[in-house]
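Undergrad:
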Amino acid sequence: MRITQNMITASSVNRLEANREKFNRSQQVLATGKRVLKPSDDPAASKSILRFRTRVASVTQYRDNIAAGQSRLELADDSLGMVDKLLHQARSIAVEYPAGYDDDTRQTAADAVRDIYDQVKDMANMRYGDQYIFAGHQSDSPPASRDDAYNATWSGDDGDVRTAIGDGIQTSLNAGGENPFRTDDGTLVFDTLRNIIDGLEAGDPDAVAAEVDALDRSITQVRDVQGKYAATYDRLQTTDVHLHRELMNVETLLADTEQADLSQAAVELQLQQIAYESALSATSKIVPQTLLDFLK
């Protein structure tokens, strides 16, 4: 087979292009610090890198969910802690009234319970971000409201608000939808407070005293839900510790698989630069640069 000038030129250009690609790749490796720039560089490593990155993204999302869940639980617990204090204040008023209040003291006490009622309502309507945390699945609107006569309306539901904290693992952020403002017999704490207000307004100590047991049940309900929140918080904290350790391990594996040895990459870049410059020089001598050079 006759070797033509075109064949020599094409071969030289192809070798030059190959050297240039190797030189460019060495530059990219050193610039990015990564030895695998595309799947064809190392198919097996690329598969592992994809798996590690997917796991990092999943674990990071789980940890974000846990952090948001803990913040929500902290706010809910603080709110219920305030409710507990307020209900104890109302209980003290209800217990002391039969011992003898004059009319002025009785009216002051009624006003104090009204204020307690509204503060408890505010706690029931507490929001985390744009969600009402005690409203169940009806989290777009406040669950507790009242009319001028202090008759309460509860518009929330018993929906269980859950979040993912692991592969196929979810946990409740609202005690399985249990309502801290409603006792097991279905009594809203607002109805109990309204009855105390009405008893004080009417000057009926027996009516007020009759609500003490209901108030105690409401206090117990609030504390029971707080206990469930605390258990969930502890679970989230334990899970987050485990996920943090896993994330560190996976990130280490990812770095070991993906990252380049920078000192070796620097040496490789120098070698590829020399090879490229040599190929460029050799090609310039082989490939005719002009038609006149060819005709000589």
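In our numbering, the protein residues as written are 1092 to 1387.
Ideal placement from N, C-alpha and C gives every residue a C-beta, glycine not left out.
In this text, all values refer to a predicted model and were calculated from it rather than measured experimentally.
Taking only runs that begin and end inside the stretch 1242–1289, name each unbroken beta strand (DSSP E) of 3 or more residues, in chain order.
TA: DSSP runs (the beta strand (DSSP E)) wholly in the stretch 1242–1289: 1243–1245, 1253–1257 and 1260–1263.
Undergrad: Start and end of the alpha helix (DSSP H) containing Ala1305?
TA: Segment Val1303 to Glu1349, the alpha helix (DSSP H) holding Ala1305.
Undergrad: Among Phe1225, Thr1196, Asp1202 and Gly1220, whose alpha-carbon lies nearest the alpha-carbon of Asp1213?
TA: Among Phe1225, Thr1196, Asp1202 and Gly1220, the Cα nearest to that of Asp1213 is on Phe1225.
Undergrad: Go through its chain and collect everything with a Cβ distance to Ser1263's Cβ below 6 Å, but skip five positions before and after it.
TA: Here the set comprises Asp1251 and Arg1253.
Undergrad: By DSSP, does Tyr1188 sit in helix, in strand, or in coil?
TA: Tyr1188: helix per DSSP, three-state reduction.
Undergrad: If Val1280 and Val1204 are in contact, beta carbons under 8 Å, what's the gap, nearest whole angstrom?
TA: Contact doesn't hold; Cβ gap of about 12 Å is too wide.
Undergrad: Going by DSSP, name the residue or residues bridged to Tyr1223.
TA: DSSP output for Tyr1223 lists Arg1218 as bridge partner(s).
Undergrad: Output needed for Asn1265: all residues of its chain with C-beta closer than 6 Å, excluding positions within five of it in sequence on either side, in chain order.
TA: Taken in chain order, the residues that qualify are Val1252.
Undergrad: Tell me which same chain residues have a C-beta within less than 6 Å of the C-beta of Asn1286, skipping the five on either side of it?
TA: Within the same chain, Asn1286 has close Cβ partners Glu1302.
Undergrad: Using a Cβ distance threshold of 8 Å, determine whether the stretch 1332–1343 contacts the stretch 1304–1312, with at least three qualifying pairs required.
TA: Flag = no, the stretch 1332–1343 and the stretch 1304–1312 do not touch.
Undergrad: Within the continuous beta strand (DSSP E) that includes Ala1235, where are the two ends?
TA: Element bounds for Ala1235: Ala1235 to Arg1237.
Undergrad: Could you please give the first and the last residue of the uninterrupted alpha helix (DSSP H) stretch that includes Asp1297?
TA: Its alpha helix (DSSP H) spans residues Pro1296 to Ala1300.
Undergrad: Please state whether DSSP places Asp1195 in a helix, a strand or coil.
TA: It is helical.
Undergrad: Determine whether the beta carbon atoms of Ala1255 and Tyr1153 lie at a separation below 8 Å.
TA: Yes; because the gap between Cβ atoms is below 8 Å, this pair is in contact.
Undergrad: Just to confirm, are Val1316 and Leu1171 a CB contact at a threshold of 8 Å?
TA: The answer is yes: Cβ separation under 8 Å.
Undergrad: Using CA atoms only, rank isn't needed, just tell me which of Leu1291, Ala1240 and Gly1277 is closest to Val1186.
TA: Out of Leu1291, Ala1240 and Gly1277, Leu1291 has the C-alpha closest to the C-alpha of Val1186.
Undergrad: Return helix, strand or coil for Ser1232, following the three-state DSSP convention.
TA: Ser1232: coil per DSSP, three-state reduction.
Undergrad: Give the straight-line distance between the Cα atoms of Gln1222 and Leu1284, rounded to the nearest whole angstrom.
TA: Straight-line Cα distance between these residues: approximately 26 Å.
Undergrad: Tell me the rounded alpha-carbon separation between Asp1168 and Gln1229.
TA: Approximately 20 Å between the Cα atoms of the pair.
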